[in-house]
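Worksheet: one structure, shown below.
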Amino acid sequence: MSNDRSLATLDATAQADLVRRGEVKPLELVDAAIERIEELNPRLNAVIAPLFDKARALATGSQLGDGPFRGVPFLLKDMGSPSAGDPFHCGMQVLKDAAWVAERDNVLASRFRAAGLVFLGKTNTPELGVSTTTEPAAYGPTHNPWKLGYSPGGSSGGAAAAVASGMVPIAHATDGGGSIRVPAAHCGLFGLKPSRGRISMGPDIGQRWGGLSNEFVVSRSVRDSASMLDAVHGPAPGDPYFAPLPAAPFANALAEPPGRLRIGILTRARDGVPVHADCVAAAEAAARKLEALGHDVEENHPDALFDAEALAAFSRVIAASVGASLDAWSAKLGRPIAEEDVEPATWGIVERLGRIPAHEYLKALDLVHEFGREMAAWWEGGFDLLLTPTAAEPPPPHGEFSATPEQPLRGLARSIPFSAFTMPYNATGQPAASLPLYWNDAELPIGVQLVAAYAREDLLLRVGAQLERAHPWADRLPQVFANSG
Amino acid sequence: MEKELSRLDATACADLVRRGEVKPLELVEAAIARIEEINPKLNAVITPLFEKACAAAQSPGLPDGPLRGVPFLLKDLGVQTQGDPFHAGMKFLKDNHHVSDHDTFLAAKFREAGLIVLGKTNTPELGPITTTEPIAYGPTRNPWDTTRSPAGSSGGSAAAVASRMVPMAHANDGGGSIRMPASACGLVGLKPSRGRVSQGPDHGEIWSGCVADLAVSISVRDTAAVLDAVHGPCVGDPYFAPLPARPYVEEVGAEPGNLRIGVLHGALNPRLPTHPDCKAAAAAAAKLLEGLGHRVEESWPECMGEEEFSFRFGSLTFVGTAADLDYWGAVVGKTIGPDDVEPYTWDLAERGRAITASEYIQNVDWLHAYNRRLAAWWEGGFDLLLTPTFIDPPTPLGAFEPTQEEPLRGMLQALRCAHLPSFFNMSGQPAISLPLHWTEGGLPIGVQLVAAYGREDLLIRVAAQLEAAAPWADKLPPVCA
């Protein structure tokens, strides 16, 4: 196999097929991906910790997992899922300085391994994942492959830039407020945030951010996300709770027509959050595509979406949880993490919003759960899906979210348009996906989000595959895409 | 007829109604007569709702559920019914004449099952303590010995069922509060898996998912029947337990197979000595299980010896109490001060208020990681863990009252009592207390069986097998004589 440009355009399923058929060896896939990373990464800064030697050793050794993705090059986000013996810094300078290394795989990392994936490195993330861009002080900004100098979204921006540029076909990502979906939207990828409890958070924790945060991947094809979900979902012993198991493999959903769905469309964000015309246009274009496929689309949405009290509660839960993360890292490092150890935004969020008494945190969680009930009633009331823009603005230039010690919450405030459409489903625990169906005049991808009822990833995958078949995006490649072999 | 009816479990009562042999009103009137006769001795029922119950029994709208016409009582905590007093054991709510403005989901499911609510049962203030002696309503007495506590916090329900006022009553369990009263009163008490019974619409979870609602009952089949009636997700639950493959009542009489059971005869913590009667109860149950063909060996999850567990778990209840006081203050529109609640409640709340969100989250993280160590034992090949439910026989009334020397007496007592049950509130595993042992003095001592998460089916199967082998239905407390 010498034509690496063609390898770069293959999705994970196709690459795994080549290995299965004996046409390509895992090492060839890995070497080609390393070459692509070496070519592209100086421009994009998506991969911050290469693990090339380990990857090559794994690809040629007997330890390679014999799963559905055997031999496929993969990247882990440097947050959420640690892998044994590898750097784990969560975008934090203080962990980078301490040269922190994870002792063991978490459950998800070990499932990725068992699926046969080969970890080539770690991707960039903002500090502790609390941003809708990926510009940490510790590792510098990641660029959007569609336009250098622009944000790839966040917090899984490193993962999204790596996949969009063809370094790897699929990469690990996490989503506590939109961090899978926003980068997918900004980079022209498919990004599914699974249901609460679909993916185990074990063994170190039972849940993250009070159950708001999930882990999974960003991918180019819908089928890759479907097969990956089959490979890694399901409870691990001792999970405090988990999502109901699907009746059939998620991959089966791809070939099943979704039937005629009732879909509500919402293009308005809450008061004071303007929605860019490109984002409105993207959602409306998706509505027309869905109608053309036989679905009923009407302007409708859950009223609870604009509950300001609930929105404030999400922020409190997240800020308190980030505060707990700082404290937990302090304990692990054996010294207090001080203001100068973290970015102003992180310190500001924790100190101004997160240092609350525990019973206030419980009250906020109660509000989150109450919001979940009010939202669920809309789906229960007859709608199958909600369609929205994924973000309220196109990808912004770098520097847009920078905070200063004087104005530590500036970035957080500026990020509201980028998480306004996504964060509600972290609170409700519903599955939601961003799809790349629209590009604006500047040739920047504008994602649209579909949201299903709790545990209905199957429906999102079914309609996602239907849209992908009708309006394929695989050939649409960004400015910065793998060229060399 | 009345005495006869009082011997029947809920399933038998519902059968009589279904066959037309008894009318719901007859069951309700007989139960009211029993409550009027026995309650003055026990103080189990604090809020009678007799008129409403009689009306419901005669209404053509009485739902045709599997437990149609069966008299039932609700614990005055956790479940709310529209238009009825709801005081959670609080003098504050009692004095403010608080009345619920809605049915909680579980209340609606009880009604849909055909159960008829005759009243509310006593509970300690906000439920974090393992006796039922609230200042607001006075102590509930144990039907087996009225100088003793029926345990708590579902002590009112347990005393009512043990004395056969009703065959089954609602109960809930955040740290043993179904299982301990079941143990102290000679009843069946199943704490279901986390997420098995919805806490909606008021809550998604309570005490970070430690609290589970169901009932205390005379028979295993009644527990299975009520679980069938009320389990399953409600719209918007943040998470829920996996659905069973078949109805739980079908597990009653089903062969459990040869199970591998570990037995732990008492607390591992040397500062919590286990009473010989409680050890004897576990040993006798082990023998009984062996006689039924199961393999019983001395084994338990090692981590049950870690003292850090109780400290971390306790903090959840402190914070929960602080949150409760805020909640009820907001509902009533008055700030709750130290004079509005019992001293232990204020003490717990003050401790809770001193805990930061960060500490709380780290405690939950620690406990979730701990759960994995616990679950590994079941994952490693064991089907069930057998322990005494309690490490003490039923305690005398007043044992929880603080003294000058021991201001924290109540809390320490509660931590002692809840020791063996509480692990499984945090892990979310199903656990059942069964009345298999009585002391020489005639006091019931329950044993606890614990299954892996989601495996109520297994607990019900083996509990029914034990019930058939060592039936307890004819054992009646002196108060019934």
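If you read the sequences in order, they're chains A and B. Its first residue numbered 1, the first sequence is counted upward by one per residue in our numbering. Its first residue numbered 1, the second sequence is counted upward by one per residue in our numbering. Virtual Cβ for every residue (Gly too), placed ideally from N, Cα, C. Predicted model, so just to flag it, every value in this text is computed and none were measured.
Hey, would you say Leu29 of chain A sits closer than 8 angstroms to Leu58 of chain A, going by beta carbons? Judged by their CB atoms, Leu29 of chain A and Leu58 of chain A are not nearer to each other than the 8 angstroms cut-off.
Have a look at A:Gly61, A:Glu393 and A:Val463 and flag the residue whose alpha-carbon is nearest the alpha-carbon of Thr133 of chain A. Comparing Cα positions, the closest option is A:Glu393.
At the 8 angstroms Cβ level, is Gly485 of chain A part of the contact set with chain B, yes or no? Interpretation of Gly485 of chain A is limited by its pLDDT of 42, a score under 50 that renders its predicted location unreliable; the figure taken from the coordinates is listed afterwards. No - not a single Cβ of chain B is within 8 angstroms of the one on Gly485 of chain A.
Quick one: using the 10 Å Cβ neighbour count with 16 as the cut-off for buried, is Ser2 of chain A buried or exposed? Unreliable placement is indicated for Ser2 of chain A, whose pLDDT of 45 sits below 50; no coordinate value is reported for it.
Is it true that the CB of Leu126 of chain B sits closer than 8 angstroms to the CB of Asp488 of chain B? In the structure as shown, chain B begins at 1 and stops at 481. Residue 488 of chain B is therefore absent and cannot be evaluated.
What residue range is occupied by the uninterrupted beta strand (DSSP E) comprising Gln465 of chain B? Under the DSSP assignment, Gln465 of chain B falls outside any beta strand (DSSP E), being part of the alpha helix (DSSP H) whose first and last residues are Glu456 to Ala469.
Would Asp64 of chain B pass as a contact of Gly119 of chain B if the rule is Cβ separation under 8 angstroms? Against a cut-off of 8 angstroms, the Cβ pair of Gly119 of chain B and Asp64 of chain B comes out as no contact.
Given that Lys363 of chain A touches chain B, what residues does it touch there, using C-beta distances under 7 angstroms? Those are Ala323 and Asp326, listed as they occur along chain B.
Determine the direct distance from the alpha carbon of Ile35 of chain B to that of Leu16 of chain B, and round the result to whole angstroms. Distance between the alpha carbons of Leu16 of chain B and Ile35 of chain B is about 21 angstroms.
Per DSSP, what are the beta-bridge partners of Val118 of chain A in this structure? A:Pro73, per the DSSP bridge assignment.
Which residue comes first and which comes last in the beta strand (DSSP E) that contains Asn214 of chain A? Residues Asn214 to Ser219.
Let me make sure I understand the geometry here. Which of A:Lys193, A:Ser213, A:Pro395 and A:Ala243 has the alpha-carbon closest to that of Ser219 of chain A? The shortest C-alpha to C-alpha distance from Ser219 of chain A to any of A:Lys193, A:Ser213, A:Pro395 and A:Ala243 is the one to A:Lys193.
Determine contact between the stretch 196-212 of chain B and the stretch 442-453 of chain B, defined as no fewer than three beta-carbon pairs at a distance below 8 angstroms. Because the criterion of three Cβ pairs below 8 angstroms is not met, the stretch 196-212 of chain B and the stretch 442-453 of chain B do not touch.
Cut-off 8 angstroms between Cβ atoms - residues of its own chain near Gly65 of chain A, not counting five sequence neighbours on either side: Excluding sequence neighbours, Gly65 of chain A sits near Arg113, Ala114, Ala115, Gly116 and Leu117.
Quick check on the burial criterion: 16 or more other C-beta atoms within 10 angstroms. Buried or exposed for Phe311 of chain B? Burial call: exposed.
Whole-angstrom Cβ separation of Gly158 of chain A and Ala283 of chain A, contact assumed at under 8 angstroms? About 27 angstroms separates the Cβ atoms of Gly158 of chain A and Ala283 of chain A, ruling out a contact at the 8 angstroms cut-off.
Tell me which residues share the same chain as Tyr248 of chain B and place their Cβ nearer than 7 angstroms to its Cβ, disregarding the 5 neighbours each side in the sequence. Answer for Tyr248 of chain B: Ala224, Leu227, Asp228, Glu456, Asp457 and Ile460, listed in chain order.
Endpoints, the beta strand (DSSP E) within which Thr346 of chain A is located: Unbroken run through Thr346 of chain A is the alpha helix (DSSP H), Pro344 to Ile349; no beta strand (DSSP E).
Positions along the stretch 185-201 of chain A whose CB lies within less than 7 angstroms of some CB in chain B: In summary, the residues of the stretch 185-201 of chain A whose CB is separated from some CB of chain B by less than 7 angstroms are Arg196 and Gly197, in the order they occur in the chain.
For Met375 of chain A, would you say it is in contact with chain B, using Cβ-to-Cβ distances shorter than 8 angstroms as the test? Yes - at least one Cβ of chain B is within 8 angstroms of the one on Met375 of chain A.
Interface partners of Val79 of chain B on chain A, CB under 9 angstroms: Those do not exist, as Val79 of chain B stays about 17 angstroms from chain A at its closest Cβ, beyond 9 angstroms.
Can you tell me whether DSSP reads Met201 of chain A as helix, strand or coil? Met201 of chain A: coil per DSSP, three-state reduction.
With distances taken Cα to Cα, identify the nearest neighbour of Ser198 of chain B among B:Trp300, B:Pro477, B:Leu106 and B:Phe382. Ser198 of chain B has its Cα closest to that of B:Leu106, out of B:Trp300, B:Pro477, B:Leu106 and B:Phe382.
Quick one: which residues of the stretch 299-326 of chain A get their C-beta closer than 7 angstroms to a C-beta of chain B? List them in chain order. Per Cβ criterion, the list reads Ala320, Ser321, Gly323 and Ala324.
List the residues that DSSP assigns as beta-bridge partners of Glu297 of chain B. According to DSSP, residue pairing for Glu297 of chain B in a beta bridge involves B:Gly262.
Taking CB distances under 8 angstroms as the criterion, tell me whether Val82 of chain B reaches chain A. Checking the displayed sequence, the identity of residue 82 of chain B turns out to be Gln instead of Val. No, its Cβ sits nowhere closer than 8 angstroms to a Cβ of chain A.
Return no unless some Cβ of chain B is closer than 8 angstroms to the Cβ of Arg462 of chain A. Residue-level contact check: Arg462 of chain A does not touch chain B, since none of the beta carbons of chain B fall below 8 angstroms from its beta carbon.
Just to confirm my understanding: we take Val321 of chain B, look at its own chain, exclude 5 residues before and 5 after, and list those with CB closer than 8 angstroms. What are they? First, the residue type needs correcting, since residue 321 of chain B is Thr and not Val in the sequence shown. Take Thr321 of chain B, set aside five residues on each side of it, and the residues of its chain with a beta-carbon closer than 8 angstroms to its own are Leu126, Pro128, Thr345, Leu348, Ala349 and Gly352, in chain order.
At a CB-CB cut-off below 8 angstroms, which residues of chain A make contact with His102 of chain B? The contacting residues do not exist; His102 of chain B stays about 13 angstroms from chain A at best.
Let's see if you can read the secondary structure: which residues bound the alpha helix (DSSP H) around Glu309 of chain A? Judged by DSSP secondary structure, Glu309 of chain A falls within the alpha helix (DSSP H) whose first and last residues are Ala308 to Leu333.
Between the stretch 104-111 of chain A and the stretch 150-170 of chain A, do at least 3 Cβ pairs fall closer than 8 angstroms? Touching, no, given that fewer than three Cβ pairs across the two stretches are closer than 8 angstroms.
Closest by CA to Arg181 of chain A, which one among A:Ala313, A:Ala420, A:Phe383 and A:Asp97? Checking every option, the nearest Cα to that of Arg181 of chain A belongs to A:Ala420.
Stretch pair the stretch 134-143 of chain A + the stretch 225-236 of chain A: three plus CB contacts closer than 8 angstroms: The answer is no - the stretch 225-236 of chain A does not touch the stretch 134-143 of chain A, with fewer than three Cβ pairs under 8 angstroms.
Ser227 of chain A beta carbon less than 8 angstroms from that of Ile126 of chain A: The sequence as given places Pro at residue 126 of chain A; Ile does not occur at that position. Going by C-beta atoms, Pro126 of chain A is not nearer than 8 angstroms to Ser227 of chain A.
Have a look at Gly178 of chain A and Leu385 of chain A and give me their C-alpha separation to the nearest angstrom. One C-alpha to the other measures close to 18 angstroms.
Using a cut-off of 8 angstroms between C-beta atoms, extract the partners of Glu490 of chain A located in chain B. It is not possible to answer for residue 490 of chain A, since the shown part of chain A is limited to 1 through 485.
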